Amino acid sequence: MATKRDTCVEFGRVVRELRVARGYSQEAFADRVEIHRTYIGGIERGERNPTLTMIHRLADALGISPSRLLCPTCTCCEKHGDRT
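In this note's numbering, each number is its position in the sequence shown, counted from 1, plus 44.
Shown next as structure tokens:
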């Protein structure tokens with residue numbers, strides 16, 4: 045079973061991968077989410093444990109559903125109209 049730290053690190057990896065794929069710097073992405081750049085960095089390094097509200101804000105800024113951030117390999121999102 046994954047630890048809380050493992051979960052945060054994996055979540056951060058997914059956020060970073062999607063952010064970079066969309067061409068956003070940490071600064072530009074932070075502006076879109078309306079948070080400080082260092083908070084984005086903390087999420088991406090697995091040092092932060094974002095709330096559900098923050099997960100929704102991150103997903104909105106990336107143009108995806110929150111479920112895509114939580115389960116990036118899950119194909120069920122595609123069946124339900126994920127905004128990827």
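Note that beta-carbon positions come from the ideal geometry of N, C-alpha and C, so glycine has one too.
These numbers were taken from a predicted model, which means no experiment stands behind them.
Please classify residue i as buried or exposed, where buried requires at least 16 neighbouring CB atoms within 10 angstroms.
i    : result
E71  : exposed
A65  : exposed
E78  : exposed
R63  : buried
G56  : buried
R112 : buried
L96  : exposed
R49  : exposed
T128 : Any answer about T128 is weak, because its pLDDT of 47 lies below 50 and its placement is not dependable; what the coordinates show is given next. Its Cβ having fewer than 16 others within 10 Å, T128 is exposed.
Hey, quick one: how far does the alpha helix (DSSP H) through residue i stretch, first residue to last?
i    : result
P217 : Beyond the ends of the chain as shown, which are 45 and 128, falls residue 217; an answer cannot be given.
C115 : Unbroken run through C115: none, as it is neither H nor E.
I84  : 81 to 88
E61  : 48 to 65
E71  : 70 to 77
What whole-angstrom Cβ distance do residue i and residue j have, given they're in contact under 8 Å?
i    : j   : result
P116 : V58 : 5 Å
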